[in-house]
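In the numbering used here, the protein residues as written are 1417 to 1483. Yeah, the Cβ is synthetic: ideal placement off N, Cα and C, and Gly gets one too. Note that this is a predicted model, so its numbers are computed, not measured. Structure record follows, encoded as structure tokens.
Next comes the structure, spelled out in structure tokens:
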């Protein structure tokens, strides 16, 4: 078990820059993928608002000013 622990530690020290670089690149790529879904959601919200809220009559049953 000591030999495995020593070799693993030596591996981490030897390749720590490559491991850190890989993690940084993967984080940047994963953040870039999230932007695509946000744009789709925004378009759906705009479409819903245009179809169901604009140019419609609605009643306000309670309006308060708390300011």
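How big is the Cα-Cα spacing for residue i and residue j?
i	j	result
residue 1426	residue 1439	19 Å
residue 1464	residue 1476	20 Å
residue 1434	residue 1443	14 Å
residue 1422	residue 1456	49 Å
residue 1472	residue 1458	21 Å
residue 1482	residue 1466	29 Å
Pick helix, strand or coil for residue i, following the three-state DSSP scheme.
i	result
residue 1470	coil
residue 1445	helix
residue 1425	helix
residue 1481	coil
Might you give, ordered along the chain, the residues of its own chain that have their beta carbon closer than 6 Å to the beta carbon of residue i, omitting 5 neighbours on each side?
i	result
residue 1446	none
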